[in-house]
Amino acid sequence: ADKAANEAARKGASFLGKSRMAKDEALMVMNLTEQEATVEAIQLQYDRYFTANAVENGGSFYVQSKVYRAKELLDDYVKEKNAEQMKNGDGKDEQQSKDKTGDK
11 ADKAANEAAR
21 KGASFLGKSR
31 MAKDEALMVM
41 NLTEQEATVE
51 AIQLQYDRYF
61 TANAVENGGS
71 FYVQSKVYRA
81 KELLDDYVKE
91 KNAEQMKNGD
101 GKDEQQSKDK
111 TGDK
């Protein structure tokens with residue numbers, strides 16, 4: 011841990027500097043589970059929460075910022091997950107869809 015702190019200090023980074031939100035926090039902010047986190051669901055929740063927390067409407071800039079950062083992280087997560095599935099040739103999404111509809 012000391013090595014990482016020294017490296018950050020050497021590069022001029024602050025310990026309060028820009029750090030990424032954890033995936034589980036992002037999911038909580040967007041009120042989604044990992045399985046529900048699709049591009050469409052993330053966008054829907056983002057639109058809902060970003061608009062609801064608009065400062066012009068008496069909302070919170072802090073909460074709006076959290077929603078923005080959560081969307082940013084989850085968009086990257088979904089993109090990576092989809093790329094990995096394409097690379098591995100997984101048929102998991104097809105199987106999950108079949109499981110949900112009862113076609114096995």
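Residue numbering for the sequence shown follows the numbering used here, beginning at 11 and increasing consecutively.
Backbone N, C-alpha and C fix where the C-beta goes; we use that ideal spot for every residue, glycine too.
Nothing here was measured: the structure is a model prediction, and the numbers come from that model.
*Element boundaries [alpha helix (DSSP H), containing Thr61]*: Position 51 of the sequence shown, counting from 1, holds the residue named residue 61. 49 to 62 is the extent of the alpha helix (DSSP H) around Thr61.
*Give me the Cα-Cα distance between Asn89 and Met96, rounded to the nearest whole angstrom.*
Here residue 89 is taken as the residue at index 79 of the sequence shown, counted from 1. Here residue 96 is taken as the residue at index 86 of the sequence shown, counted from 1. In the sequence on display, residue 89 carries Lys and not Asn. Taking the straight line joining both Cα atoms gives about 11 angstroms.
*What are the boundary residues of the alpha helix (DSSP H) that Gln95 is part of?*
Here residue 95 refers to the residue found at position 85 when the sequence shown is read from its first residue. Unbroken alpha helix (DSSP H) run through Gln95: 71 to 98.
_Judging by CA-CA distance, which residue of Glu46, Ala32, Val39, Gln45 is the nearest neighbour of Gln74?_
Start at 1 with the first residue of the sequence shown, and residue 74 comes out as number 64. It is Val39 whose Cα lies nearest to the Cα of Gln74.
*What number of angstroms, rounded off, separates the C-alpha of Val49 from the C-alpha of Lys33?*
Residue mapping note: residue 49 aligns to position 39 of the sequence shown, counting from 1. Residue mapping note: residue 33 aligns to position 23 of the sequence shown, counting from 1. Near 15 angstroms, if we compare the C-alpha coordinates of Lys33 and Val49.
_Helix, strand or coil at Lys114 [DSSP, three-state]_ = To locate residue 114, count along the sequence shown from 1; it is residue 104. Here Lys114 scores only 44 on pLDDT, less than 50, and its place in the model is too uncertain to base an answer on.
*Counting only the same chain and skipping the five closest in sequence on each side, list residues whose C-beta sits under 8 angstroms from that of Ala64.*
Counted from its first residue, the sequence shown places residue 64 at position 54. Excluding residues within five positions, the ones whose Cβ falls inside 8 angstroms are Gln74.
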